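Anchor point for the sequence shown: position 36 equals 189 in my numbering, and the numbering is continuous, going up by one each time.
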Amino acid sequence: MNMNYDEKLKILIIGDSTVGKTSILTRFCKNEFSWNYLATIGIDFFSKDIELTNPNKLIRIKIWDTAGQERFKSLSKSFFRNADGIIIVFDVSKKDSFENLQFWIDSVHNNLGKTNNNNNNENEDNVNVIIIGNKIDLIREVNKEEGLKYSKESGFKYYETSALTGENIENSFLEFIKDILDGNKKKENKKKGIKLNNNNNLINKNNDDENWCYC
Ligand code: GDP
Ligand code: MG
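What follows is the structure, encoded as structure tokens:
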């Protein structure tokens with residue numbers, strides 16, 4: 154299918170191994186969940202189209218998964234290139250994944266802060282970052298207040314999700330996408346453009362149609 158997209162966004166999802174990154178994407182893109190450990194599958198990216206109303210816009214979201222490299226804590230600079238948004242995930246039932254957040258935040262700064270010398274180089278100011286505490290269906294080692302406090306101090310929005318139950322997955326993504334689009338709009342200093350009054354203006358394309366989602 155040959156679609157004309159009004160915007161294309163590149164989003165990355167990073168964080169410790171087994172925190173549920175692939176599961177979050179699978180839930181968001183396909184509304185599915187698997188108990189199987191997915192680290193070795195090696196999927197590069199997930200794709201989803203989102204239709205925006207008032208005015209009508211078609212947005213293609215490409216979300217890049219780390220496919221296991223995160224175990225070695227080595228993500229390449231090219232992985233970060235041209236990202237519009239980055240999701241850093243930890244597992245609320247595993248304190249160490251929360252304590253490792255700083256490593257992932259540092260890796261964002263390191264990979265986006267000092268890049269090329271050319272004109273259209275990537276700059277971390279251009280990238281919207283959020284933190285997600287996943288697995289809220291399990292017994293917690295990190296409470297919501299801790300997650301909120303840490304994220305606020307780091308300057309990022311905080312969301313909590315369960316890829317298992319699906320709780321807050323879609324809402325988190327749609328708010329994030331809205332923030333990215335709003336940020337892009339400001340950056341480009343456009344007088345006109347996408348206007349989002351509330352979440353209802355963001356409509357997910359039907360996940361059942363494979364043309365719209367091939368995860
Ligand atoms: P990744 O390494 O960060 O991509 O993590 P995966 O998505 O592979 O998930 C690791 C394991 O955690 C899998 O067994 C998933 O089924 C499980 N998992 C992922 N998200 C959740 C969640 O929200 N709740 C629960 N209970 N388990 C989850
Ligand atoms: Mg994975």
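We put the CB at the ideal spot given by N, CA and C, even for glycine. Computed from a prediction, not measured in an experiment: that's the story for all the values here.
- If you look at Glu299, you'll find it in the alpha helix (DSSP H) that goes Lys297 to Ser307.
- Per DSSP, the continuous alpha helix (DSSP H) segment holding Arg180 begins and ends at Lys174 to Lys183.
- In the DSSP annotation of this structure, the continuous segment of the alpha helix (DSSP H) that includes Ile258 starts and ends at Leu254 to Gly266.
- For Ser304, the shortest C-beta to heavy atom distance toward ligand 1 is 7 Å or greater.
- At a threshold of 7 Å, Val172 counts as near ligand 1, since its beta carbon sits closer than that to one of the ligand's heavy atoms.
- In this structure, the beta-carbon distance from Leu178 to Ile166 falls below 8 Å.
- Looking at the backbone, the Cα of Ser170 and that of Lys288 are separated by about 13 Å.
- Under the three-state reduction of DSSP output, Ser250 falls in the helix class.
- Selection Asp290, Lys302 and Leu254 evaluated against Asn321 yields Asp290 as nearest (Cα-Cα).
- Beta-bridge partners assigned by DSSP to Glu313: Gly286.
- When secondary structure is reduced to three states using DSSP, Lys226 falls in the coil class, being assigned neither helix nor strand.
- Cβ contact annotation for Asn157 (same chain, cutoff 8 Å, sequence separation greater than five): Leu211, in chain order.
- Residue range Lys210 to Trp217 is occupied by the beta strand (DSSP E) that includes Trp217.
- Annotation: Ile258 to Ile241 spans about 8 Å, alpha carbon to alpha carbon.
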